[in-house]
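Accompanying notes for the structure given below.
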Amino acid sequence: MIPPPNVKQDTHAAKSTQLPRGQSLGSLTTGSGSLVQSNQTALTAGPSGPVLLQDFHLIDKLAHFDRERIPERVVHAKGAGAHGYFEVTKDVSGLTAAKFLNGVGKRTPLFARFSTVGGEMGSADTARDPRGFAIKFYTEEGNFDMVGNNTPVFFVRDPLKFPDFIHTQKRDPRTHCKNADMQWDFFSHVPEALHQVMILFSNRGTPDGFRHMHGYSSHTYKLINNKGVVHYVKWHFRTNQGIRNLKADQAEKLAGSNPDYATQDLFDAIERGEHPSWTLYFQVLTEEQALKYKYNVLDVTK
Numbered sequence: 001m002i003p004p005p006n007v008k009q010d011t012h013a014a015k016s017t018q019l020p021r022g023q024s025l026g027s028l029t030t031g032s033g034s035l036v037q038s039n040q041t042a043l044t045a046g047p048s049g050p051v052l053l054q055d056f057h058l059i060d061k062l063a064h065f066d067r068e069r070i071p072e073r074v075v076h077a078k079g080a081g082a083h084g085y086f087e088v089t090k091d092v093s094g095l096t097a098a099k100f101l102n103g104v105g106k107r108t109p110l111f112a113r114f115s116t117v118g119g120e121m122g123s124a125d126t127a128r129d130p131r132g133f134a135i136k137f138y139t140e141e142g143n144f145d146m147v148g149n150n151t152p153v154f155f156v157r158d159p160l161k162f163p164d165f166i167h168t169q170k171r172d173p174r175t176h177c178k179n180a181d182m183q184w185d186f187f188s189h190v191p192e193a194l195h196q197v198m199i200l201f202s203n204r205g206t207p208d209g210f211r212h213m214h215g216y217s218s219h220t221y222k223l224i225n226n227k228g229v230v231h232y233v234k235w236h237f238r239t240n241q242g243i244r245n246l247k248a249d250q251a252e253k254l255a256g257s258n259p260d261y262a263t264q265d266l267f268d269a270i271e272r273g274e275h276p277s278w279t280l281y282f283q284v285l286t287e288e289q290a291l292k293y294k295y296n297v298l299d300v301t302k
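Going by the UniProt record's numbering, the first residue of the sequence shown is number 1, and it counts up by one from there.
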């Protein structure tokens, strides 16, 4: 048999590296802030016993290790963003009591993120796909998130169909390749998707970067003013750079030569001082108008 190593002897034989005088590494703590007594040995039941689950630092360290690589998002995995601000240019106090929307000239810091939907982290920015258009407003009343796309409608109105739809945009589990048959099979069985499909397969489906596309809330939201009066509103963020799209052959070529085309375009424009901007418009209906409208204004496919 191979004799066990002389742990005590090996420990004493190890050389120590001292920091220069006056410098300190500080104290090692757990995720909850408790001091760690030893970062080199786990607790065991006796000198040769099994490792104990009561060793909180061991479990804490392994938990952090297991989560060092965070899986990418199921949708909107590939994207780019930038910090900016929102400035009120017109009084809308008659529509909403939200403070960040009231007071002409008032500025609110924000972060905007633009993305593709179906592609993985390494996919091309120019793929034919809707583009995510999400804004986080850092308001005095708390963070306000407005998520949306670069299209005013969506493929499905029933959320129960959403996971099935996304599966058709991903890789075929049998081949691990994209499968156009899956997509068109879904569209053929979901007629309400036609509106979005027509937009997607126009040049709007391949915008020229993130700066030259509009953004939409897609959903209809309910705004309430200080008097309790309700209005139904859709948010439209219209690009001040003007709409510009890629033709199919241009988008396909860029997918191979520069898959990060939109990300690079956004970064380079900001570096040049050409900060992109959008103007927010509200599409408004009163409660009475919404109830009498020719279709359900809450239907996101219209």
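Each residue gets a CB set at the ideal place from its N, CA and C atoms; glycine is no exception.
Item	Value
Where Arg69 sits in the DSSP three-state scheme	coil
CB of Thr30 within 8 Å of CB of Phe65, strictly	no
Straight-line gap, Tyr138 to Thr41 (C-alpha atoms, nearest Å)	45 Å
Contained beta strand (DSSP E) runs [length at least 3] in the region 69 to 129, N- to C-terminal order	79 to 87, 107 to 116
Check whether Phe114 and Gly79 have beta carbons under 8 Å apart	yes
Spatially closest choice to Thr151 from Asp60, Ser32, Arg131, by CA coordinates	Arg131
Boundaries (first-last residue) of the beta strand (DSSP E) holding residue 307	The requested residue 307 does not occur in the structure, where the chain is confined to residues 1 to 302.
DSSP three-state assignment for Arg272, whether helix, strand or coil	coil
Nearest candidate by alpha-carbon position, reference Arg211, set Ala193, Glu72, Gln241, Asn225	Gln241
Contact set for Ala255: own chain, Cβ-Cβ below 6 Å, skip 5 residues either direction	Ala124, Thr126
Sequence-distant residues of its chain with Cβ nearer than 8 Å to Val284 (five each side left out)	Leu95, His231, Tyr232, Val233
Straight-line Cα distance separating Gly119 from Ala251	15 Å
Within the region 185 to 247, ranges of the beta strand (DSSP E) (whole runs, at least 3 residues)	221 to 224, 230 to 239
Own chain partners of Asn102 with C-beta closer than 8 Å, once the 5 adjacent residues on each side are dropped	Val88, Asp91, Val92, Ser93, Thr96
Proximity test, Asp55 beta-carbon vs the ligand MG heavy atom, cut-off 7 Å	Of the ligands one can find in the structure shown there are none, so the ligand MG has no counterpart to examine.
Whole-angstrom distance between Asp60 and Val153, CA atom to CA atom	45 Å
Classification of Trp278 by the beta-carbon crowding that lies within 10 angstroms, buried from 16 upward	buried
Local conformation of Gln289 per DSSP, three classes	helix
Cβ neighbours of Ala193 in the same chain (closer than 6 Å, five flanking residues each side left out)	Phe155, Phe187
Local conformation of Tyr295 per DSSP, three classes	coil
Pairwise C-alpha distance: Leu62 and Phe133	36 Å
Close-in-space but distant-in-sequence residues of the same chain around His195 (CB under 8 Å, 5 per side omitted)	Val153, Thr301, Lys302
Beta-carbon spacing of Arg244, Tyr281 below 8 Å	no
Three-state class that DSSP yields for Lys302 in the structure shown	coil
Start-end ranges of the alpha helix (DSSP H) lying completely within the region 135 to 191, minimum 4 residues	162 to 169, 180 to 189
Buried or exposed (CB count within 10 angstroms, at least 16 for buried), Trp184	exposed
Chain-order list of residues whose beta-carbon lies under 6 Å from that of Glu287 (same chain, five-residue window excluded)	Val230
Close Cβ partners of Asn226 (< 6 Å) along its chain, the five nearest in sequence each way excluded	Ala97
Beta carbon of Met146 nearer than 8 Å to that of Glu72	no
Identified DSSP bridge partners for Gln283	Lys234
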